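Trainee: Pasting a structure here, questions to come.
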Amino acid sequence: MFPERFSTLPEYAFPRLRTLLDSVEPGGDVMHMTIGEPRHPFPQWVGGVLADNVAGFAKYPANDGTPELLGAISDWAGRRYGVNLDPASQIMALNGSREGLYNAGMALLPESKRGKRPVVLIPNPFYQVYMIAAISVGAEPVFVPATKETGHLPDYASLPEEILERTVAAYLCTPANPQGAVAKEDYWKDILALAEKHDFQVFADECYSEVYRDEAPLGGLTMAERLGVDPERVVLFQSLSKRSNLPGLRSGFVAGGPQTIRRIRQLRAYSGAPIPNPIQAVSARLWADEAHVEHSRALYQEKYAAAAKVFSGLPGYETPEGGFFLWLPVQDGEEAAMKLWRETGIRVLPGAYLSRDVEGTNPGAGYIRVAMVAPCEEMVAGLQRLRHCLFE
Numbered sequence: 001m002f003p004e005r006f007s008t009l010p011e012y013a014f015p016r017l018r019t020l021l022d023s024v025e026p027g028g029d030v031m032h033m034t035i036g037e038p039r040h041p042f043p044q045w046v047g048g049v050l051a052d053n054v055a056g057f058a059k060y061p062a063n064d065g066t067p068e069l070l071g072a073i074s075d076w077a078g079r080r081y082g083v084n085l086d087p088a089s090q091i092m093a094l095n096g097s098r099e100g101l102y103n104a105g106m107a108l109l110p111e112s113k114r115g116k117r118p119v120v121l122i123p124n125p126f127y128q129v130y131m132i133a134a135i136s137v138g139a140e141p142v143f144v145p146a147t148k149e150t151g152h153l154p155d156y157a158s159l160p161e162e163i164l165e166r167t168v169a170a171y172l173c174t175p176a177n178p179q180g181a182v183a184k185e186d187y188w189k190d191i192l193a194l195a196e197k198h199d200f201q202v203f204a205d206e207c208y209s210e211v212y213r214d215e216a217p218l219g220g221l222t223m224a225e226r227l228g229v230d231p232e233r234v235v236l237f238q239s240l241s242k243r244s245n246l247p248g249l250r251s252g253f254v255a256g257g258p259q260t261i262r263r264i265r266q267l268r269a270y271s272g273a274p275i276p277n278p279i280q281a282v283s284a285r286l287w288a289d290e291a292h293v294e295h296s297r298a299l300y301q302e303k304y305a306a307a308a309k310v311f312s313g314l315p316g317y318e319t320p321e322g323g324f325f326l327w328l329p330v331q332d333g334e335e336a337a338m339k340l341w342r343e344t345g346i347r348v349l350p351g352a353y354l355s356r357d358v359e360g361t362n363p364g365a366g367y368i369r370v371a372m373v374a375p376c377e378e379m380v381a382g383l384q385r386l387r388h389c390l391f392e
């Protein structure tokens, strides 16, 4: 029987979108601007590395990651975050960051805290796996608005003491999905001080960290080391999907304190699926190379400069600091998505589908999420159609 705790879950965002739009004929050439699936080219040498290691499919994969992959990740973290991670005890390879974001809940969250039901803090809007990870272990998900008024990041310190005392983990996505907001030094100081005071972990989802406009976002591990907090306090999740334009590779990593990684590795030993050895070989090469990342970032910067021209003078338009979405304010996200589809054939995601109603308010209801993944010329044409349809 389906567990009762899952019975009230809303339908996932993309099936909801199909229900909304698929019975309606598009009003023009169809353009998908919904899913965050990178479309920039990945390095041409990926196929060659895979072919050179194809014999590895004949062997069971290294459960936690090959020494070569873990070493490449450690070296990258040193260059990018300025931290020294022990490959043998502080990193585990993942089948994409979503696996880790879910399994961290299974491996790390206690059944109770001070004899009470534990709480997991979740930004609202949010990546849906955060919620299901909390619910799967019987924790109470508490959705905290991440709105324009809070800088599009959750103000966890504003929560009642009773909630904070039961908190065992707080998810933080930076750059944020969908808003593109980046946690700065003061924000990290505040959330880490709060985590230390109330004894919870910060699950730092940084899979968009290499897609930014100007300045590389600070990392949670960087700030934890700088501030001298408990090394188990921050758990980092990273992925090659956005960084290297390889969402189908299903490769990422989790990093943190030795006790944290030991418990996640133990769960993987019993129930997980390690990455095939040839994929691990490709992944190691990708973490060691920055040229393709810099090229991809330049393409996104070109797109955002073009988008700023398309939306010049539009009230409420802001160029996000990171990520590859636009979070556009509209009167009603569902109505805007339907109007766009019916009149232009452009498909976008209503912001309410990425958020949860709390006390009758959905912080995403007045937005649409627009994925900036198409080639620049195609994307600009779509944005021009979008502006004409919704704002003129």
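Using full-length UniProt numbering, you'd call the opening residue of the sequence shown number 1 and step up by one each time.
Cβ coordinates follow ideal geometry from the N, Cα and C atoms, glycine included.
These numbers were taken from a predicted model, which means no experiment stands behind them.
Could you spell out the range, first to last residue, of the beta strand (DSSP E) harbouring Pro-145?
Mentor: Counted from its first residue, the sequence shown places residue 145 at position 145. Element bounds for Pro-145: 140 to 145.
Trainee: Classify Lys-184 as helix, strand or coil using the three-state DSSP reduction.
Mentor: Counting from one through the sequence shown, the residue named residue 184 turns up at place 184. Here Lys-184 sits in coil by DSSP.
Trainee: Please specify which runs of the alpha helix (DSSP H), each continuous and at least 4 residues long, are wholly inside the region 37 to 71, giving them in chain order.
Mentor: Segments of the alpha helix (DSSP H) lying fully in the region 37 to 71: 46 to 52.
Trainee: If you reduce the DSSP assignment to three classes, tell me which class Arg-387 lands in.
Mentor: In the sequence shown, counting from the first residue as 1, residue 387 sits at position 387. Helix, per DSSP.
Trainee: Taking Cβ to Cβ, would you say Ser-355 is nearer than 7 Å to Gly-364?
Mentor: Here residue 355 refers to the residue found at position 355 of the sequence shown. Here residue 364 refers to the residue found at position 364 of the sequence shown. Yes, the Cβ-Cβ distance between Ser-355 and Gly-364 is below 7 Å.
Trainee: If you measure between the beta carbons of Val-49 and Val-282, is that distance less than 7 Å?
Mentor: Stepping through the sequence shown from its first residue, residue 49 is reached at position 49. Stepping through the sequence shown from its first residue, residue 282 is reached at position 282. Yes, these two residues count as a Cβ contact at 7 Å.
Trainee: By alpha-carbon positions, which one of Tyr-367, Pro-123, Pro-178 and Gln-128 ends up nearest to Tyr-12?
Mentor: Here residue 12 refers to the residue found at position 12 of the sequence shown. Taking only the C-alpha atoms, the option nearest Tyr-12 is Gln-128.
Trainee: Short of 7 Å in beta carbon distance, which residues of its chain neighbour Pro-258, apart from the five on each side in sequence? Order them along the chain.
Mentor: Counted from its first residue, the sequence shown places residue 258 at position 258. Counting only Cβ-Cβ distances below 7 Å, and skipping sequence neighbours, we find Ser-89 and Gln-90.
Trainee: Helix, strand or coil: which one does DSSP assign to Leu-218?
Mentor: Looking up residue 218 in the sequence shown gives position 218. Here Leu-218 sits in coil by DSSP.
Trainee: If you run the structure through DSSP and keep just helix, strand and coil, what is Pro-10?
Mentor: Taking the first residue of the sequence shown as position 1, residue 10 is located at position 10. In the structure shown, Pro-10 sits in coil (DSSP, three-state: anything other than H, G, I, E or B).
Trainee: Within the region 289 to 362, note down every full beta strand (DSSP E) run reaching 3 residues or more, in order along the chain.
Mentor: Counting whole runs of 3 or more residues, the region 289 to 362 contains the beta strand (DSSP E) stretches 325 to 329.
Trainee: Classify Ser-239 as helix, strand or coil using the three-state DSSP reduction.
Mentor: By one-based count along the sequence shown, residue 239 stands at place 239. In the structure shown, Ser-239 sits in a strand (DSSP, three-state: E or B).
Trainee: Going by beta carbon distance, what residues of the same chain come within less than 6 Å of Phe-143, once the five residues before and after it are set aside?
Mentor: Counted from its first residue, the sequence shown places residue 143 at position 143. Ile-122, Asn-124, Arg-356 and Val-358, listed in sequence order.
Trainee: Mind listing, in chain order, the continuous alpha helix (DSSP H) runs of no fewer than 4 residues lying wholly within the region 152 to 196?
Mentor: DSSP runs (the alpha helix (DSSP H)) wholly in the region 152 to 196: 161 to 166.
Trainee: Give me the DSSP bridge partner(s) of Ala-365.
Mentor: Against the sequence shown, residue 365 aligns to sequence position 365. DSSP lists no partner for Ala-365.
Trainee: To which residues of the same chain is Tyr-208 closer than 7 Å at the C-beta, ignoring the five residues directly before and after it?
Mentor: In the sequence shown, residue 208 corresponds to position 208, counting from 1. Excluding sequence neighbours, Tyr-208 sits near Pro-175, Asn-177, Lys-242, Gly-322 and Gly-323.
Trainee: Quick check on DSSP: helix, strand or coil for Tyr-212?
Mentor: As a working note, residue 212 is residue 212 in the sequence shown. Three-state result, Tyr-212: strand.
Trainee: Given Cys-173, which residues of its chain have a CB within under 7 Å of its CB, disregarding the five upstream and five downstream residues?
Mentor: Along the sequence shown, one-based indexing puts residue 173 at 173. Answer for Cys-173: Pro-123, Tyr-127 and Asp-205, listed in chain order.
Trainee: Given this structure, state the Cα-to-Cα distance separating Val-234 from Glu-392, to the nearest angstrom.
Mentor: As a first step, residue 234 is located in the sequence shown; it is residue number 234 there, counting from the start. As a first step, residue 392 is located in the sequence shown; it is residue number 392 there, counting from the start. When rounded, the distance between both Cα atoms is 46 Å.
Trainee: Using CA atoms only, rank isn't needed, just tell me which of Ile-135, Glu-377 and Leu-70 is closest to Lys-303.
Mentor: Locating residue 303 in the sequence shown gives position 303, counting from the first residue. For Lys-303, the nearest C-alpha among the options comes from Glu-377.
Trainee: Which residues mark the beginning and the end of the alpha helix (DSSP H) in which Gln-280 is found?
Mentor: By 1-based counting over the sequence shown, the position of residue 280 is 280. Gln-280 -> alpha helix (DSSP H) spans 277 to 287.
Trainee: Using a Cβ-Cβ cutoff of less than 7 Å, which residues in the same chain neighbour Val-310 once the five nearest sequence positions on both sides are dropped?
Mentor: What you label residue 310 is simply residue 310 of the sequence shown in a count that begins at 1. Excluding residues within five positions, the ones whose Cβ falls inside 7 Å are Val-380, Leu-383, Gln-384 and Arg-387.
Trainee: Distance check for Leu-249 and Arg-268, CA to CA, integer angstroms please.
Mentor: Residue mapping note: residue 268 aligns to position 268 of the sequence shown, counting from 1. Residue mapping note: residue 249 aligns to position 249 of the sequence shown, counting from 1. If I take the Cα positions, the gap works out to 19 Å.
Trainee: Return yes when the Cβ of Met-92 is within less than 7 Å of the Cβ of residue 452, no when it is not.
Mentor: The question about residue 452 has no answer here: the residues shown for the chain are numbered 1 through 392.
Trainee: Is DSSP giving Cys-376 helix, strand or coil here?
Mentor: Counting from one through the sequence shown, the residue named residue 376 turns up at place 376. In the structure shown, Cys-376 sits in a helix (DSSP, three-state: H, G or I).
Trainee: Hey, which unbroken runs of the alpha helix (DSSP H) at 4 residues or more fall wholly within the region 96 to 140?
Mentor: Correct list: 97 to 108 and 128 to 136.
Trainee: Secondary structure at Met-92, three-state DSSP: helix, strand or coil?
Mentor: The sequence position of residue 92 within the sequence shown is 92, counting from 1. In this structure, Met-92 counts as strand in the three-state DSSP scheme.
Trainee: Measuring straight from C-alpha to C-alpha, what distance separates Phe-325 and Ile-135?
Mentor: Reading the sequence shown from its first residue, position 325 is the one you call residue 325. Reading the sequence shown from its first residue, position 135 is the one you call residue 135. Taking the straight line joining both Cα atoms gives about 27 Å.
Trainee: Let me check one thing: in DSSP terms, what residues is Met-31 bridge-paired to?
Mentor: For this step, residue 31 is matched to residue 31 along the sequence shown. Answer is Ile-346.
Trainee: Pick helix, strand or coil for Asp-75, following the three-state DSSP scheme.
Mentor: Counting from 1 along the sequence shown, the entry for residue 75 is found at position 75. Asp-75 falls in the helix class under three-state DSSP.
Trainee: Determine the contact status of Gly-82 and Thr-222, defining contact as a CB-CB distance below 7 Å.
Mentor: Walking along the sequence shown from the start, residue 82 turns up at place 82. Walking along the sequence shown from the start, residue 222 turns up at place 222. Contact: yes.
Trainee: Can you have a look at Val-119 and say buried or exposed, based on whether 16 or more other CB atoms are within 10 angstroms of its CB?
Mentor: The residue given as residue 119 occupies position 119 in the sequence shown. By the 10 Å Cβ count, Val-119 comes out buried.
Trainee: Taking C-alpha atoms, which residue in Pro-61, Ala-170 and Gly-78 lies nearest to Leu-109?
Mentor: Sequence index remark: in the sequence shown, residue 109 carries index 109 (1-based). Comparing Cα-Cα distances from Leu-109 to each of Pro-61, Ala-170 and Gly-78, the minimum goes to Ala-170.
Trainee: State yes or no: is the C-beta of Ala-371 nearer than 6 Å to some heavy atom of the ligand GDP?
Mentor: The model depicted lacks the ligand GDP and carries no ligand whatsoever.
Trainee: If we ignore side chains and look at the alpha-carbon of each, how far apart do Arg-285 and Ser-244 end up?
Mentor: Taking the first residue of the sequence shown as 1, we reach residue 285 at position 285. Taking the first residue of the sequence shown as 1, we reach residue 244 at position 244. Approximately 11 Å between the Cα atoms of the pair.
Trainee: Count the other C-beta atoms from every protein chain shown that fall within 10 angstroms of the C-beta of Arg-98, then say buried if there are 16 or more, exposed otherwise.
Mentor: Here residue 98 corresponds to residue number 98 of the sequence shown, with the count starting at 1. Result: buried.
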